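Colleague:
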Amino acid sequence: MNLYMLFMIFKNSRLIILLLACNLLLINNMFCQKVACNTITADMNFTVSSVKIIGRWVPKELQAKVEQLIGVGQPFDPSKVGLAEEIVRSEIIESDGKFAIRLLGSTSVLFITSDICPVSDSSELKEVQVVIHPYYLRIDLYNIGNNILPIPRTAKPTFYKQVPSLLLATAPYIGLMNDRRFGTSAFIKTTTDLLHIPGIYNPSGSSKKLRLDFDIDFSKSFNNSFYNSSGLLQLIHPVYADLTIGWLLGIIYAKNLLSLNINDYNRESTKMFAAIHGNGKKSFLSKYMISAGVEFSQNNYTPLNNKIQNPETGYEFSALIDGRVAKGLSRMGIWFNAGIPKNNINLKSYQRIAGKAGYAVSIGRGHNNVDVETTLGSGYTWGTPPTYSEYFAGNTASDFLYVPLNSFSNMPFPEGPVIRSLGEREGGFSSAFNSVSGGTLYLGLNLNFSIPVSKWSSPLIPDIVIQDEPRRITIRSAIKGQVTTAKSFIANDLALNGGLSDDEADAAAERIVDKDIKPTINYLADRANIYSIKPLLFFDFGEINKPSVGDKIWAASGAGLQLNIVNAKLEIGYVQTLFPKSDVSKGNFLMRFSVQNFY
Amino acid sequence: MPSTTSITTGGKKCKPFLLRVMIFSPESGYKFTIEIQKACSSQNEPVWKLLFDLYKKIGADFQEVVSVEFVAGDPNDIDKIAAVTEDGMKRSQVRSFRDDVYPLVKPFGDSGQKPNNDQKKMIDDSMKKAINA
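If you read the protein sequences in the order shown, they are chains A and B. So that you can map any letter, position 316 of the first sequence is 316 in this note's numbering, and since no number is skipped, the others follow by simple counting. So the mapping is simple: this note's numbering equals the position in the second sequence, first residue as 1, plus 1000.
1. Look at residue 509 of chain A and residue 490 of chain A and say whether their C-beta atoms are less than 7 Å apart.
2. Hey, could you find the ends of the alpha helix (DSSP H) residue 168 of chain A is sitting in?
3. According to DSSP, which residues form a beta bridge with residue 380 of chain A?
4. Who are the neighbours of residue 1087 of chain B on chain A, taking C-beta pairs under 8 Å?
5. Look at the Cβ atom of residue 1064 of chain B, then the Cβ atom of residue 1049 of chain B, and state whether they are nearer than 7 Å.
6. Assuming residue 184 of chain A and residue 222 of chain A are in contact, meaning their beta carbons sit under 8 Å apart, how far apart are those beta carbons, in whole angstroms?
7. Grouping DSSP H, G and I as helix and E and B as strand, with all else coil, what is residue 1109 of chain B?
8. Just to confirm my understanding: we take residue 295 of chain A, look at its own chain, exclude 5 residues before and 5 after, and list those with CB closer than 6 Å. What are they?
9. Let me make sure I understand the geometry here. Which of A/284, A/311, A/179 has the alpha-carbon closest to that of residue 344 of chain A?
10. Is there at least one Cβ from chain B nearer than 7 Å to residue 390 of chain A's Cβ?
11. Express the C-alpha separation of residue 346 of chain A and residue 255 of chain A in angstroms, rounding to a whole number.
12. Does DSSP classify residue 309 of chain A as helix, strand or coil?
13. Going by C-alpha to C-alpha distance, which of A/529, A/420, A/580, A/550 sits closest to residue 569 of chain A?
14. What residue does the alpha helix (DSSP H) around residue 1119 of chain B start on, and which one ends it?
15. Residue 459 of chain A by DSSP, collapsed to three states: which one?
16. Since residue 120 of chain A is in the beta strand (DSSP E), which residue starts that stretch and which ends it?
17. Within 10 angstroms of its Cβ, does residue 1027 of chain B collect 16 or more other Cβ (buried), or is it exposed?
18. Go to residue 230 of chain A, then tell me how far its beta strand (DSSP E) extends in each direction, as first and last residue.
19. How close, in whole Å, do the beta carbons of residue 1082 of chain B and residue 471 of chain A come, if the pair is a contact with beta carbons under 8 Å?
20. Pick helix, strand or coil for residue 1089 of chain B, following the three-state DSSP scheme.
21. Under DSSP, the beta strand (DSSP E) around residue 47 of chain A begins and ends at which residues?
22. On the DSSP letters alone, give me the boundaries of the beta strand (DSSP E) that residue 1046 of chain B sits inside.
23. To the nearest angstrom, how far is it from the Cα of residue 590 of chain A to the Cα of residue 535 of chain A?
24. Is the CB-CB distance between residue 1088 of chain B and residue 485 of chain A below 7 Å?
25. If you measure between the beta carbons of residue 114 of chain A and residue 1042 of chain B, is that distance less than 7 Å?
26. Buried or exposed: residue 428 of chain A, going by 16 or more other Cβ atoms within 10 Å of its Cβ?
27. Could you name the residues that DSSP lists as bridge partners for residue 375 of chain A?
28. Quick check: what's the CA-CA separation for residue 151 of chain A versus residue 549 of chain A?
29. Using three-state DSSP, classify residue 258 of chain A as helix, strand or coil.
30. Which residues, in order along the segment 1009-1028 of chain B, keep a beta-carbon less than 7 Å from a beta-carbon of chain A?
31. Going residue by residue through the segment 64-97 of chain A, where are the continuous alpha helix (DSSP H) segments of at least 4 residues, counting only ones entirely within it?
32. So residue 1097 of chain B packs on residue 1066 of chain B, CB below 8 Å; how close in whole Å?
33. Could you tell me whether the segment 578-593 of chain A touches the segment 1015-1033 of chain B, using the rule of 3 or more Cβ pairs below 8 Å?
34. Quick one: give me the first and last residue of the alpha helix (DSSP H) that residue 490 of chain A is part of.
35. So residue 478 of chain A and residue 1086 of chain B are in contact, right, with Cβ under 8 Å, and what is the actual spacing, rounded?
36. Leaving out five residues on either side along the sequence, give the residues of the same chain with a beta carbon under 8 Å from the beta carbon of residue 65 of chain A.
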């Protein structure tokens, strides 16, 4: 009996111990409370574990100053976070004056918020991490009328003091490309405004009225001997408002080894040009550029197995307009070229005219849209042009819709229909001696579709509520609210400094904001992604004609993938010729990888 | 499992932010910025502020010469400032900052002196007038 009792007491005591342990665990659980972010007050006795500033090229001095103010390793006090945000704001504003010069005429949206969260769920570890998130969106008023999106692809601010001067001064744009004829190639493009070199030369009193751009453009094929090289110097009087007309004067020297059907084409040229550019008030004419130039070229090529070398003087005229039509963007261009080949009695003077129209639109709402792009082109020739001035079908490196309107990349005369299943200038008429010649007339149509996948993208401006009381405000609504402010201060500025009446100033401000600033801000807030992966579909149709030979028509289609991550863009795809039979074996693996806006 | 029984707790929620609402150049060589700040007190009480910073061109760069802070006390002012955060600044408000606040602040930027209490109150009143314009 005693033994039984002893056993029971022992058994019960184990139970009691077990119950006590469970209770202790439960009590422990009750203390193990998760403290919500942004709810930590000074009297909760948390210690600051770390402070992080989200941005590109964050200066060590700024980091140290903010850490010291908030007090890493010291008791946390929420009242210090606002002061830290002010320090970050001052540093970003100081960087404003150190913009890359192509952004001199710019406006920006600056918003800074912070998250204060416990480092751990453990009640023992009362440490807090402070993360300061500045959102900084620059809008380039000089490029805003162009079809390129005039902003960096990230909302993180850049602290320019930390960026190497060489990067600021040259604004490099680098990348890799692939084409079945040109081969795999690397390219680099740089732009330097010699009147305002950021970090190096920014003279006192230097205005936005003039820029002296020096551009370098170089690409080289890894598999073939082809290359493109050019240097451009142009004096630009930019346009920032509807009320002025800008102009530019330039000279460009280029030396290229290009593909010309199955042969090579060696070209060296010097071109002088002048242009005027400005803003229009119609939806289909938001920006225009009219240019004229004269070009002296030396041409070496091999048509019909005969090596020919001839100089040529060419006169060129072009007009380009950008528009905003039905929530999409449009571009139309017309080119005229008169060439006078010399030193060869077989070559006669000739004249060419070509036109192109492109339209791009995003269909859908929010951050996942189907993007549709289409380009239509045609060209005609009078006289008998040399082979290098005939129209050939083929892939092209330039992107008609998106290159800046004032870029010299827009100046060259169109080469023929864009058929991306062929290599550059590969499509022509087969002729004797295993050679190919081009046409004197062309027609072309291109269609691109990019299809969104919602899981494969992330918005540039996150959907974060920054305030519930007295009214609900999100980061997006705060940024979009700045459109009203922009309209108000532009109207005041025009009334004060532009000599307009109040009503005229209001109307002008509304026109400027509604045409340029509002769509850009809305795009940034509602549609832009910090990264996205989109499947692509390509469709190409083209025809060249030569009266002595006849017609040749191509059709091609393909698929690919587009990947955008902040400032890097990768497009890969394969396009197959569907028609004609002679070319159905030809397909082109397209690849373009580019990185820009390093800062 | 402790994590399954944990609950979310803490003090009052306050997420601080600072929004630059405008930069304006009232005359050559000067510019001012207006910012809205929601700071948090030690006990996470929201503190709504309007910051007016005056910059003067000295040499090649603009340098901040005066910084004025208006702390919104009454609910009407707080509501007006919150409205600017979301809806932007109306033209009457922009004009009032240019015509009423800037002329009062500029002399201190030129002289380098600090405003006394009476002058601070005048500037405060002008900023209150501007946000209610």
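By construction, the Cβ of each residue, glycine as well, lies at the ideal position given by its N, Cα and C atoms. Bear in mind the structure is a predicted one, so any value in this text is a computation, not a measurement.
Modeller: On the basis of the supplied data:
1. yes
2. 165-170
3. A/353, A/441
4. 481, 484
5. no
6. 5 Å
7. helix
8. 269, 271, 314
9. A/311
10. no
11. 25 Å
12. strand
13. A/529
14. 1117-1131
15. strand
16. First-last for residue 120 of chain A: undefined, no H or E at that position.
17. exposed
18. 227-237
19. 5 Å
20. coil
21. 47-53
22. 1046-1058
23. 14 Å
24. yes
25. no
26. buried
27. A/358, A/446
28. Residue confidence for residue 151 of chain A is low, a pLDDT of 44 falling below 50, so the modelled location carries little weight; the figure read from the coordinates is stated next. If I take the Cα positions, the gap works out to 49 Å.
29. strand
30. 1009, 1010, 1011, 1012, 1013, 1014, 1015, 1016, 1017, 1018, 1019, 1020, 1021, 1022, 1024
31. 79-96
32. Wrong, their Cβ atoms sit about 14 Å apart, outside the cutoff.
33. no
34. 475-497
35. 6 Å
36. 87
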